[in-house]
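Asks:
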Amino acid sequence: MIRTAIFFIFLQLPSLYGQDQRLDSMRSVLDRQPSANERLDTYNAIAGYLWHYDPTTAALYADSAYQLAENSDYASGRVEAYANKGIAAYTAGDYSGSAHLYSKAIDLAAQNNLPSIHIFAFYISLLKRQGSYLKALKVSDSLITALPPSHSFVKRLQLGKVDSYIELGQISEAQEVVDFLVASESFMEGKENKADLYVRFGELDGLRGDYEEGIRKLQEAIAIYLQIDDVLGAGRAYLELGMLYAAKGNYVQAREAFNQSKLYNEKVKYPFGMAEAVYQLGALYASLGEYKLATEFFFKSLDIYEHQKNRNEIGKVYYDLGWVYMKQQWYEKSEYQIKQAIDISKEIGNVNGEATGYNYLGILYFTQKKYDAALQALNRALDMKKQILDKKGIADTQFNLAELYEELDFSTRAVDLYLRSYETRKELGNLIGIAISENKLGSFYTANNQLEKAKMYLDKSRATLLKLGAKEELLKNYKYTAEYFKKVADYKSALGYNEMYASLRDTVFSATKNFQIAEMESRYALESKEREIALLNLENTSREQSLKLQEETIRNQRAIIWVISITGLLVIFLLFIMYRLLQMRNKANKELISLNKAVHEQKEEITAQAEELQEAHDQIGALNEDLEFRVRQRTHQLKEAHKELDTFFYHASHDFRKPLTTFLGLVEIARKEVKDDEALFLFEKVRETAGSLDKMVNKLRAASIIGSDDMAIEELSFQQIINEVLTENQQLINKYNASIRLNMQEVKPFKGSKYLMKVCINNLIENALLYSRPEGVSVVEVSIRNERGDVVIEVKDNGQGIEASLQPRIFDMYFRANESSEGNGLGLYITKKAVEKMGGDITFTSEYEHGSSFILHFPTGRIY
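What follows is the structure, given as structure tokens:
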């Protein structure tokens, strides 16, 4: 469910549809040098306007308001400033700081008899984000009691209670509040209220397993939202609709609904909504076993969440990445992601999220047959779910524990937990959960020869599943029922259920394949459109550049004419001055000649000798000036040549990448479309060649950046760089069946070139994979640590190693340790140059046939 993530939207929704003129109007107030109180109000208003689609800028205005409020006695402005600062802390994942600021705002409002109901709404959203749904319900009830029944906010609080009950799985309690709101004529008169209520109806129907009715309610909600031009509401409803379609097995419709949600959120520039839609697309692909696509969409949503600093959602994505990795048997990566998510939940105080993490961890350990660790993790999850009274979560965790005990052959404990989970799900009215429990109980009793009970539970489950159309779970029922009839020696009925199982399995498989084909067609159409748009953009850019060039030429011509005119006037003026000076000089010369004629004749010989010496001196001076000019000229030409060469490398590598990327894309399409084995083999060779060329182009680009004086400096996130490198080398890791082990310690902040640092780490990991041993398991260890205050990066492998005689040459350009190497001999050369460019040094140790270790050492006392 997404209800807890979309916070206080109903309070500030109009700001999402305001025009840019409104923001310009508010900012113009600041240009008029207003009073301190007006400035504070304006900062608060701009922050409130920007929260939904530019939270980074909104946080800056909130911070300005907060600083101004600290030295102000303007109570109303201070209340709003504290509230906005609380929202900034909430957005950044600082939930304790957010709670403190909300409390500060509420207390100040109470002292000055100012309205604070909207701040309570923010606080309730915070409690939900932390998984404190019971506390959120208590705060809502206290507000409802304190407010007059006719107050417009009471019904919105009731609607918020529905969301909390849904998150807790308390369907009957949620339905009771919904029925109360339906009975309120004044509430149902508002179209937006009616649409919001239909969304909750859809969610409740989904929890019960009545997908058809839930889909119908959500479609009605979408129609109302679009009628009143509530694009954000429509996007939210489409997200819920997609989840119901996915649960029902209508995967194509689910994908279309998620894409519509993404489109509507993009329309109103709401990044959180876009991320939710992308995340759900990833979850859809994961459920279909399309793990590569799922990972791609999860990382796209993670980028948005990290930019927005939505730490709760970041943890949620880590959980699902851990699940995807577990399904692919990448257990180390799976455990790392899940533990990261648990740490985030602990930091932000989300007990529910932490409990979910231990549930995931328990299932992972169960899959690996680490039963003691699985039991410990699941019991910890159960304790936390009981702590927050999450009945649905309690039932799910008990079910997982029961499966573990059944695997360990503790039948009594297993059946006790199965039945407890079953009773809780019946209490909650969760039809699909009830059917799943009945299915499992039927299978359990069949295995334990309690056949009457087995048949009763299997019949109940099958009836419910047929009504719900839940095909995946119905497959299990047919399989369990066939096993039951084998037990009672009714082989004819067993055969019948086996045939029903096979038929339904084929139907599900066909639906999945149809979805995959539709997805391929959709992605191909999208790529074609993107290429057309890119071509049109290129043409427009070319036309714009041509017009700019013409305008620049005209301006230059005008400037030249003005310069020539002014220069001509100056020359004429100078010539006139020189003419007057020449006349005066001639007159003076005549007088001097007459006076010095005698002296001149006496010194004629001396003057002649002096002239000869001066002439010789002038010649030597002229030769020196000419020599210095030539040295400067050639030095300048050499620098220009280096600069042009670097520019050529950079642009050439950039221009090569475009056709290479297109080339690789076409090969991928061909691999999916072409069925001929020989053609597929050739396309694979083409892909490998293009990939090698792409790597070579990247290295040429790195070489050009190393030679350039212009290098982008920023504070580096080594975790982000390592993740990007591993993602880009995933194919190579899979090819060599390599195990990547990470040891990431917290290091001091380090500023440098992200691109060059990524090149260094990528080259070392790529070398470790390319020179791995063909036999055994290839292990690459990457560690980042502090040593005496400096940053040390080490990449160690158990590969082929380097012969002692070759070690002095490994950093030479184009040197390769053996002729069969897939490398181009530039990796270590560029790595060494890049490390030195950033002020570091590189050392290595290697033992032939035992592996190598490369260590990069960067002083943190300087910035490069």
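Numbering (my numbering), first residue to last: 12 to 875.
For glycine and all other residues, C-beta sits at the position ideal for the given N, C-alpha and C.
What residue range is occupied by the uninterrupted alpha helix (DSSP H) comprising Lys-807?
Replies: For the purposes of this step, residue 807 is identified with residue 796 of the sequence shown, where counting begins at 1. Per DSSP, Lys-807 belongs to no alpha helix (DSSP H); it is in the beta strand (DSSP E), 801-808.
Asks: Spatial neighbours of Tyr-840 within its chain, please: C-beta separation below 7 Å, excluding the five flanking residues on both sides.
Replies: Here residue 840 corresponds to residue number 829 of the sequence shown, with the count starting at 1. So the list reads Phe-822, Asp-823 and Met-824, once near-sequence residues are dropped.
Asks: Is it right to say Ala-206 is buried, meaning 16 or more other beta carbons lie within 10 angstroms of its own, or is it exposed?
Replies: On the sequence shown, residue 206 is found 195 positions in, with the first residue counted as 1. Label assigned to Ala-206: buried.
Asks: State the DSSP-derived secondary structure class of Thr-854, mapped to helix, strand or coil.
Replies: By 1-based counting over the sequence shown, the position of residue 854 is 843. Strand.
Asks: Comparing alpha-carbon positions, which option in Pro-819, Ser-183, Ala-493 and Tyr-316 lies nearest Arg-219?
Replies: Within the sequence shown, residue 219 is the residue found at index 208, counting from 1. Cα-wise, what sits closest to Arg-219 is Ser-183.
Asks: What are the start and end residues of the beta strand (DSSP E) that includes Gly-862?
Replies: As a working mapping, residue 862 is identified with position 851 in the sequence shown. 862-869 is the span of the beta strand (DSSP E), which, as asked, contains Gly-862.
Asks: My guess is that Leu-727 and Lys-765 are in contact by the Cβ rule of under 8 Å, so how many angstroms apart are they, rounded?
Replies: The sequence position of residue 727 within the sequence shown is 716, counting from 1. The sequence position of residue 765 within the sequence shown is 754, counting from 1. Confirmed, Cβ separation roughly 6 Å.
Asks: Tell me Met-749's beta-bridge partners as DSSP assigns them.
Replies: In the sequence shown, counting from the first residue as 1, residue 749 sits at position 738. For the record, residue 749 in the displayed sequence is Ala; it is not Met. Paired residue(s): Ser-789.
Asks: Please state if the CB of Phe-455 and the CB of Tyr-495 are separated by a distance shorter than 8 Å.
Replies: In the sequence shown, residue 495 corresponds to position 484, counting from 1. In the sequence shown, residue 455 corresponds to position 444, counting from 1. Contact: no.
Asks: My output table needs one value for Leu-255: the three-state DSSP class, helix, strand or coil.
Replies: If you number the sequence shown from 1, residue 255 lands on position 244. If DSSP states are grouped into helix, strand and coil, Leu-255 belongs with the helices.
Asks: Between the stretch 311-323 and the stretch 344-351, do at least 3 Cβ pairs fall closer than 8 Å?
Replies: Contact between the stretch 311-323 and the stretch 344-351 is absent, because fewer than three Cβ pairs lie under 8 Å.
Asks: Whose CA, out of Lys-490, Lys-344, Tyr-859 and Asn-778, lies closest to the CA of Ser-816?
Replies: Locating residue 816 in the sequence shown gives position 805, where the first residue counts as 1. Checked all of Lys-490, Lys-344, Tyr-859 and Asn-778; the closest Cα to Ser-816 is Tyr-859.
Asks: Rounded to the nearest angstrom, what separates Lys-451 and Leu-412 at their Cα positions?
Replies: For the purposes of this step, residue 451 is identified with residue 440 of the sequence shown, where counting begins at 1. For the purposes of this step, residue 412 is identified with residue 401 of the sequence shown, where counting begins at 1. Computed Cα separation, rounded: 13 Å.
Asks: Please classify Met-755: does DSSP put it in a helix, a strand, or coil?
Replies: Numbered from its first residue, the sequence shown carries residue 755 at position 744. In this structure, Met-755 counts as strand in the three-state DSSP scheme.
Asks: Tell me which same chain residues have a C-beta within less than 8 Å of the C-beta of Tyr-502, skipping the five on either side of it?
Replies: Against the sequence shown, residue 502 aligns to sequence position 491. Answer for Tyr-502: Phe-496, listed in chain order.
Asks: Going by the beta-carbon positions, is the gap between Tyr-416 and Ala-425 smaller than 8 Å?
Replies: Taking the sequence shown and counting its residues from 1, one reaches residue 416 at position 405. Taking the sequence shown and counting its residues from 1, one reaches residue 425 at position 414. A contact, by the Cβ cut-off of 8 Å.
Asks: Classify Leu-537 as helix, strand or coil using the three-state DSSP reduction.
Replies: Looking up residue 537 in the sequence shown gives position 526. With a pLDDT of 47 at Leu-537, under the threshold of 50, the predicted position of this residue should be treated as unreliable, though the coordinate-derived value follows. Reduced to three states, the DSSP call for Leu-537 is helix.
Asks: Would you report the Cα separation of Phe-308 and Lys-273, rounded to the nearest angstrom?
Replies: Numbered from its first residue, the sequence shown carries residue 308 at position 297. Numbered from its first residue, the sequence shown carries residue 273 at position 262. The straight-line gap from Cα to Cα measures roughly 12 Å.
Asks: On the three-state DSSP scale, how would you describe Gly-763?
Replies: Counted from its first residue, the sequence shown places residue 763 at position 752. In this structure, Gly-763 counts as strand in the three-state DSSP scheme.
Asks: Going by CA-CA distance only, name the one from Tyr-113, Ala-120 and Pro-870 that's closest to Tyr-134.
Replies: Here residue 134 refers to the residue found at position 123 of the sequence shown. Comparing Cα-Cα distances from Tyr-134 to each of Tyr-113, Ala-120 and Pro-870, the minimum goes to Tyr-113.
Asks: Less than 8 Å separating the beta-carbons of Tyr-144 and Glu-178?
Replies: The count along the sequence shown starts at 1 and reaches residue 144 at position 133. The count along the sequence shown starts at 1 and reaches residue 178 at position 167. Yes. Within cutoff.
Asks: So what does DSSP say about Glu-814, is it helix, strand or coil?
Replies: Counting from one through the sequence shown, the residue named residue 814 turns up at place 803. Three-state result, Glu-814: coil.
Asks: Nearest by alpha-carbon distance to Ile-374: which of Lys-357, Lys-397 and Glu-346 is it?
Replies: Looking up residue 374 in the sequence shown gives position 363. Selected option, being the one with the closest Cα: Glu-346.
Asks: Grouping DSSP H, G and I as helix and E and B as strand, with all else coil, what is Asn-321?
Replies: As a working mapping, residue 321 is identified with position 310 in the sequence shown. Looking at Asn-321 - three-state DSSP - the assignment turns out to be coil, as it is neither helix nor strand.
Asks: Could you say which of Asn-270, Ala-257 and Asn-261 lies nearest to Ala-245 if we only look at CA atoms?
Replies: Counting from one through the sequence shown, the residue named residue 245 turns up at place 234. The residue with the shortest Cα to Cα distance from Ala-245 is Asn-270.
Asks: Reducing DSSP to helix, strand and coil, say where Asn-48 ends up.
Replies: Position 37 of the sequence shown, counted from the start, is the residue given in the question as residue 48. Asn-48 falls in the helix class under three-state DSSP.
Asks: By a C-beta neighbour count over all protein chains shown, 10 Å radius and 16 as the cutoff for buried, is Glu-541 buried or exposed?
Replies: Residue mapping note: residue 541 aligns to position 530 of the sequence shown, counting from 1. A caution first: Glu-541 carries a pLDDT of 49, below 50, which makes its placement in the model unreliable, though a value can still be read off. Glu-541 comes out exposed.
Asks: Is it the case that the Cβ atoms of Tyr-491 and Thr-457 are separated by a distance below 8 Å?
Replies: Working through the sequence shown from its first residue, we reach residue 491 at position 480. Working through the sequence shown from its first residue, we reach residue 457 at position 446. Yes, the pair counts as a contact, with Cβ atoms nearer than the cut-off.
Asks: Is there at least one non-hydrogen atom of the ligand NAP closer than 7 Å to the beta-carbon of Ile-717?
Replies: Absent from the structure shown: the ligand NAP. Ligands present: none.
Asks: Looking only at its chain, what residues have a beta carbon closer than 7 Å to the beta carbon of Thr-378, apart from the 5 residues adjacent to it on each side?
Replies: Along the sequence shown, one-based indexing puts residue 378 at 367. Excluding sequence neighbours, Thr-378 sits near Met-337.
Asks: Measuring only the C-alpha atoms, how far is Phe-692 from Gly-444?
Replies: Here residue 692 corresponds to residue number 681 of the sequence shown, with the count starting at 1. Here residue 444 corresponds to residue number 433 of the sequence shown, with the count starting at 1. Cα to Cα, Phe-692 sits roughly 47 Å from Gly-444.
Asks: State whether the stretch 258-265 contacts the stretch 46-58, with contact taken as three or more CB pairs (one from each stretch) at a distance under 8 Å.
Replies: Taking 8 Å as the limit for Cβ pairs, the verdict is that the stretch 46-58 does not touch the stretch 258-265.
Asks: Strictly by DSSP, which residues pair up with Asn-797?
Replies: Locating residue 797 in the sequence shown gives position 786, where the first residue counts as 1. Paired residues: Val-802.
Asks: When you compare only the Cα positions, how much space is there between Gln-32 and Asn-82?
Replies: Walking along the sequence shown from the start, residue 32 turns up at place 21. Walking along the sequence shown from the start, residue 82 turns up at place 71. Going by the C-alpha atoms only, they are around 31 Å apart.
Asks: Given a threshold of 16 other Cβ atoms within 10 Å of its Cβ, counted over all protein chains shown, does Tyr-747 qualify as buried or as exposed?
Replies: For the purposes of this step, residue 747 is taken as residue 736 along the sequence shown, with counting starting at 1. With 16 or more Cβ atoms within 10 Å of its Cβ, Tyr-747 is classed as buried.
Asks: Thinking C-alpha only, which one of Thr-842, Ala-779, Gly-836 and Pro-819 is nearest Gln-811?
Replies: On the sequence shown, position 800 is the one that residue 811 refers to. The shortest Cα separation from Gln-811 among Thr-842, Ala-779, Gly-836 and Pro-819 belongs to Ala-779.
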